[in-house]
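Heads up: the structure comes next, in structure tokens.
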Amino acid sequence: MVFWPTDSVFSVTMVSIVLWCLPFVLSFLCSLAQPQITTNTINLGASITAGTNSSWRSPSGDFAFGFYPLLNGMFLVGIWFDKIPERTLVWSANRDDPARTGSTINFTLDGQLVLTHSNGTGYLIYNGTFGASSALMQNDGNFVVKTNSSEVIWQSFDSPTNTILLGQVLVMGKKLYSNANGTVDYSTGQYMLELQMDGNVVMSAYKFADPGYWFTLTEGNQNVSLIFNQSTAFMYVVNHTSITYRMTSQVPTPIGDYYHRATINDHGNLQQFVYHKENGSGWTVVWEPESIKAEPCIPFNICGVYGFCTSIDNTTINCDCLPGYSPWDPSIPSKGCYPDTVIDFCAPNSSASNFTLEEIDNADFPNGAFADMARVTPADVEECRKAIMDDCFAVAGVLVESVCYKKRTPLLNARRSIPSTNNIVAFIKIPKANNNNQIQDKDDDSPSWIALLAGLLLCSIMTLLFATISIYHHPLAQPYISKKQLPVPKPVEINLKAFSFQELLQATNGLRNKLGRGAFGTVYSGVLTLEAEEVEIAVKKLEKVIEQGEKEFLTEVQVIGLTHHKNLVRLVGFCNEKNHRLLVYELVKNGTLSDFLFGEERRPSWDQRAETVYGIARGLLYLHEECETQIIHCDIKPQNVLLDKNYTAKIADFGLAKLLKKDQTRTSTKVRGTMGYMAPEWLKNAPVTTKVDVYSFGVVLLEIIFCRKHIELHQVNESTEDNEMILIDWVLCNVRAGNLHAIVSHDSEVLEDFCRFERMVLVGLWCICPNPTLRPSMNKVTQMLEGTSEVDDPPLIDAQIF
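Taking the UniProt record's numbering, the leading residue of the sequence shown gets 1, the next gets one more, and so forth.
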């Protein structure tokens, strides 16, 4: 037996250990020398919490998904460019409902993508259907949800907000909505870019029913898409065979050295931007529509109601107020302006001596149907001035060549924009109280009797003020001094005609032409002569109104008078004489939606029913979110929706809920509305929000698309199931059983458009959720109806609750 020396044994042992560990050491060193490779896959169960600065990033790190911080300390669930200092937001799931610190995004174990607000309420971003197993923030800025087989089953590219990215495609029916105010307010703004179903790409101020101010004129084409080409960074419109409209013509190269985006901004302009990845010099515009580039004031109503847009250099815009008006919020020009002094130009004691008519050269008020009253032709400047001065309903006018257009309130889209407003003369009435050009005496060295009188008056006021202050601060006076009154805000002009009771008696044949009766009173038809023209009207004689007095009544009428939307019945005047309270509306020719749906004549076509749903939704959206003062209707039902001569839906009786005595409702002393359409919270004495209207709308929506009343007692017999009698129970039962297709098999029009029909049914079921926090807002409802937002399966509702 041979023995090795001890030190030799140790050496061999160490060599063996080193040789054995060498592969692991080399592997470790290589891992340190090379960048880490990660798939960035988001697995089921992952979550992000607002306020923790965590996010799900793309493999390249260019984009991040998570909570995007706002200036007010709130957060949006969004996607943004993460490597640049600006961290520009390109997509958001909750732009109209920001989240607070502590809110979470959860990719749940059942594949749902859920925003849970810090107060516990939830918002479903993706419903987890089709076997979701993972998610990924991709390098192109698209957040996707995938199956086990890597099939994309949901993606943010399908639900854009105000931006499209390189490689993204807009298909027919898709829309982009501007922000409300740059990077200060990311909520849905007033401008929309839509790839219409006729193939035309249109930009419009959709909140004002604007038909559009920019078009690609590609209508009539099939299978149209708006492409943001990934290899060339060009944008263009294509049909199934060729390019039909080219946008971008030149971009910097190489393409990969730049970030790219195209955004519709809060000024109504679609702009394509690039950002150099290395230089970091900021976003640069490489394309925008030539017409808007040449005249930036063209987008409708940039500066809001009574605002005045000017663009001297045709590169930037400036928002001011029309003469005689002041801004609501100087930092947010789109909020518009209000009158410094309110005057009723048609009041009995009003005359031309109460106002001046200011002339504005090279300016226009091209607000079309909102304000055009009548035209005088041929006319020159003096004839146009006289026509406007003599017409008490005209608040302004414009002279275009030899045609004088008289305008009524509200004044929208006032602008001076070269060259489109060249040689146009605009006129606007300004109450004398706003005229600062005081007449002075020719002898400036000697005080006039007006100056002496003013001095005497000033001394009297100072003496009175001193006495008042002394009394106010005297100890004996303190017990009798009430709390300080808040300053009275400047009134808002409504420019409604104040009618005498006698005038309305004559117009309605002594209140004999009865049209109908509702919760607020009786409606009569009539004819008024306004400016030598006979106008058909509907006069509502209010009963059971508040008794606090004239001030409260006029306040509510003022709110109603400030509403202007194609899907609302227009108020033209009122009577507030002694104990007579009457409202004068435009006469809507085709009666109520109730008669239209459930009358003896042939049922409406499917297209008519669908358009009626859209119209009511847009009208409610305006009342809830878009008019100056939020209005909750409280009694949405088919009897309160009227149809004009073109069968456009117009909501009636809005703004009247506050006029109704609390003990004079149809139902009980604590609720308002009509049974069958009332939200559950009315009966639970819970807080009343806009969600009560959403619930009522859901019931009406189902009535419209199924042409069935919410309850049909005449169908009750021994064989009738309970859920066949109540519409929403019957619909819910059939949705659960998968029978929707079967129950409309008799309606060929619906079958041809079954996808839209099914979407509307699901929207209706979302609206009637018993829990108001689960009901969508009318903004979300409108997006779901129009197909711009995905409609997930509504929660399973216990039918017994109804």
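All C-beta atoms, glycine included, are put in the ideal place defined by N, C-alpha and C.
By the criterion of a C-beta distance shorter than 7 Å, Arg-609 is surrounded in its chain by Ile-704 and Ile-705, once the five residues flanking it on both sides are discounted. At the C-beta level, Glu-790 and Ser-159 come within 8 Å of one another.
When secondary structure is reduced to three states using DSSP, Ser-156 falls in the helix class.
Taking each of Glu-786, Asp-792 and Ile-360 in turn and checking the Cα distance to Leu-176, the smallest one comes out for Glu-786. For Arg-775, the secondary structure class from DSSP, reduced to helix, strand or coil, is coil. Nearest in C-alpha terms to Gly-256, of all of Val-750, Val-238 and Lys-277, is Lys-277.
Secondary structure at Phe-596: helix, using DSSP grouped into helix, strand and coil.
One thing to note: Asn-139 has its Cβ within 8 Å of the Cβ of Ser-58.
By the beta-carbon neighbour count (other beta carbons within 10 angstroms, threshold 16), Cys-575 is buried. A Cβ-Cβ contact shorter than 8 Å links Gly-268 with Ile-302.
For Phe-300, the number of other beta carbons within 10 angstroms of its own is at least 16, and it is reported as buried.
The secondary-structure analysis by DSSP pairs Ala-426 across a beta bridge with Ile-360 and Val-398. Rounded to whole angstroms, the gap between the alpha carbons of Tyr-213 and Ser-748 is 37 Å. Proximity of the segment 578-590 to the segment 638-646 meets the contact definition, three or more beta-carbon pairs being nearer than 8 Å. Between the alpha carbons of Glu-543 and Thr-341 lies a distance of about 32 Å.
A distance below 6 Å between beta-carbons, with the five flanking residues on each side excluded, links Ser-417 to the following residues of its chain, in chain order: Glu-295, Cys-297 and Ser-311. Excluding its 5 nearest sequence neighbours in each direction, Asp-96 has C-beta neighbours in its own chain below 6 Å: Ser-187, Thr-188 and Asn-779, listed in chain order. In the three-state scheme derived from DSSP, where H, G and I count as helix and E and B as strand, Asp-210 is classed as coil. Within its own chain, the residues whose Cβ lies closer than 8 Å to the Cβ of Ile-243, once the five positions on either side in sequence are excluded, are Tyr-236 and Val-237, listed in chain order. In the three-state scheme derived from DSSP, where H, G and I count as helix and E and B as strand, Ser-291 is classed as helix. Taking the Cβ atoms as the reference, Thr-216 lies roughly 19 Å from Ala-233, outside the contact range of under 8 Å. In the three-state reduction of the DSSP assignment, Met-247 falls in the coil class, being assigned neither a helical nor a strand state. Looking at the DSSP output, Phe-215 bridges to Val-202. DSSP lists no beta-bridge partner residue for Lys-566. Under the three-state reduction of DSSP output, Ala-347 falls in the coil class, being neither helix nor strand.
Looking at the DSSP output, Phe-228 sits in a beta bridge with Met-235. Note that the C-beta distance between Gly-304 and Ile-84 is not below 8 Å. Taking C-beta separations shorter than 6 Å and ignoring five residues to either side along the sequence, the partners of His-580 in its chain run Phe-501, following chain order. In this model, Ile-227 and Ile-537 are separated by some 49 Å (Cα to Cα).
If you look at Asn-734, you'll find it in the alpha helix (DSSP H) that goes 727-737. Judged by DSSP secondary structure, Ala-135 falls within the beta strand (DSSP E) whose first and last residues are 134-137.
Linking Leu-193 to Asn-200 through their CA atoms gives a straight-line distance of about 10 Å.
The Cβ atoms of Asn-40 and Leu-136 sit closer than 8 Å to each other. Counted as a single uninterrupted DSSP element, the alpha helix (DSSP H) harbouring Ile-388 occupies residues 381-390.
In this structure, the beta-carbon distance from Phe-520 to Leu-656 falls below 8 Å. In terms of Cα proximity to Gly-698, the closest of Pro-770, Val-400, Thr-377 and Ser-525 is Pro-770.
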